[in-house]
Amino acid sequence: MDSKANSLLTDENDIPYILIGAGGHAKVIVDILNEEKKKIAGFFDDNKSDFENLEYLGTTDDLLEKKAEYTGQYYFIIAIGSCSRRKAIYIKVNLTDDCYGTAIHPKSYISKNIKIAEGTVVMANVVVNSSTTIGKHSILNSGSVIEHDNDIGDFVHISPGCNLAGETSVGEGTHIGIGTNCIQQINIGSWCNVGAGSVILKDIPDNTLSYGVPAKIRKEGINCEL
Ligand SMILES: CC(=O)SCCNC(=O)CCNC(=O)[C@H](O)C(C)(C)COP(=O)(O)OP(=O)(O)OC[C@H]1O[C@@H](n2cnc3c(N)ncnc32)[C@H](O)[C@@H]1OP(=O)(O)O
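This is the structure in structure tokens:
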């Protein structure tokens with residue numbers, strides 16, 4: 001890759017992005033970065049070398065080998081929908097946190113009074129209200145509403161059309177299924193899987209599968225981190 005042009009970069013907004021992953025989730029991130037008028041320098045993927053007319057840069061092993069030449073020149077996003085795979089790639093490529101950027105759709109509403117950590121992706125029509133914290137490498141998928149004073153962990157996926165009421169927390173790696181609603185002041189644990197269309201009325205412990213209206217625990221001790 002020609003990095004000469006990058007030595008002329010002066011504005012942080014001009015720093016090009018590199019995606020790790022080239023599936024359906026990555027396609028949506030490409031759209032968001034295009035909407036944000038960000039440049040995309042290419043992608044790494046272990047299985048696919050042809051994606052959205054972007055330059056193929058190699059496998060994650062290649063990235064591991066060549067990462068020094070990318071550091072400080074690009075923002076990376078791990079563009080993989082699975083929470084456990086996203087974390088596994090994060091551990092494997094071992095880039096420092098400042099190597100990661102965010103992708104935030106311009107047609108989302110994000111309160112100025114919140115924190116979103118590096119690597120996180122916010123899709124179209126998302127609302128994030130005041131005093132909420134979103135961890136790193138998480139996904140707020142299309143049309144989800146994260147109310148005030150939420151605490152969303154790292155590697156979380158809030159699927160399209162979910163509504164989380166105020167003062168709710170979601171632990172690391174948890175996937176909340178499409179169209180789920182959650183009342184206020186609920187604690188959802190780490191590495192949980194909540195099924196589509198659930199209504200969460202009670203706290204959900206770590207490592208559980210829950211679903212239904214109201215959501216009930218269907219399986220304990222699941223380890224979707226592995
Ligand atoms: C942009 C994107 O695409 S983002 C991705 C969005 N995707 C999602 O949100 C997917 C969420 N996944 C689900 O809801 C899945 O059904 C899961 C994870 C909850 C369960 O999957 P599995 O463990 O494979 O369950 P399985 O399909 O075997 O179903 C077992 C039983 O639970 C029921 N069931 C499964 N999911 C649900 C649900 N969400 N709500 C109510 N009942 C359910 C099934 O009907 C079945 O009932 P039965 O035994 O009476 O026939």
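By full-length UniProt numbering, the letter at position 43 of the sequence shown is numbered 43, and the numbering carries on one by one without gaps. Ideal placement from N, C-alpha and C gives every residue a C-beta, glycine not left out.
Cβ neighbour criterion (16 or more within 10 Å) applied to residue i
i    : result
G21  : buried
T96  : exposed
L63  : buried
K87  : buried
D98  : exposed
E220 : exposed
G24  : exposed
E65  : exposed
I188 : buried
D154 : buried
K37  : exposed
N-terminal and C-terminal residue of the alpha helix (DSSP H) that residue i is part of
i   : result
G58 : Where G58 is concerned, there is no enclosing alpha helix (DSSP H), although the beta strand (DSSP E) it sits in stretches over Y56 to G58.
I29 : G24 to E35
Start and end residues, beta strand (DSSP E) containing residue i
i    : result
I40  : I40 to F44
Y211 : L209 to Y211
K136 : Element bounds for K136: n/a, residue is neither H nor E.
Y17  : Y17 to I20
Y75  : Y75 to I78
K92  : No beta strand (DSSP E) holds K92; the alpha helix (DSSP H) holding it covers C83 to V93.
I217 : K216 to K219
For residue j and residue i, the rounded distance between their alpha carbons
i    : j    : result
T71  : V213 : 47 angstroms
I116 : R218 : 32 angstroms
G143 : S130 : 17 angstroms
L19  : F43  : 5 angstroms
E69  : I77  : 17 angstroms
S7   : N13  : Bear in mind that a pLDDT of 38 at S7, under 50, signals an unreliable position, so the number given afterwards is only what the model happens to contain. Going by the C-alpha atoms only, they are around 14 angstroms apart.
W191 : I176 : 10 angstroms
D31  : H157 : 19 angstroms
G101 : G119 : 5 angstroms
G179 : N163 : 8 angstroms
Contact test: residue i Cβ vs ligand 3 heavy atom, cutoff 7 angstroms
i    : result
N193 : Summarising the ligand content, the structure contains ligand 1 and does not contain ligand 3.
Minimum Cβ-Cβ distance from residue i to chain B less than 8 angstroms
i    : result
E118 : Among the chains of the structure shown, chain B does not appear; only one protein chain is present.
Subject >> Segment contact flag, the segment 44-52 with the segment 97-108, C-beta cutoff 8 angstroms, min 3 pairs >> reply: Put simply, the segment 44-52 does not touch the segment 97-108. Fewer than three CB pairs are less than 8 angstroms apart.
Original post:
Pairing CB atoms from the segment 74-89 with CB atoms from the segment 109-116, are three or more of them under 8 angstroms?
Top reply: Touching, no, given that fewer than three Cβ pairs across the two stretches are closer than 8 angstroms.
Original post:
Any chance the segment 187-198 sits against the segment 53-71, with 3 or more Cβ pairs inside 8 angstroms?
Top reply: Because the criterion of three Cβ pairs below 8 angstroms is not met, the segment 187-198 and the segment 53-71 do not touch.
Original post:
Do the segment 142-156 and the segment 119-128 make contact, defined as three or more Cβ pairs closer than 8 angstroms?
Top reply: Taking 8 angstroms as the limit for Cβ pairs, the verdict is that the segment 119-128 does touch the segment 142-156.
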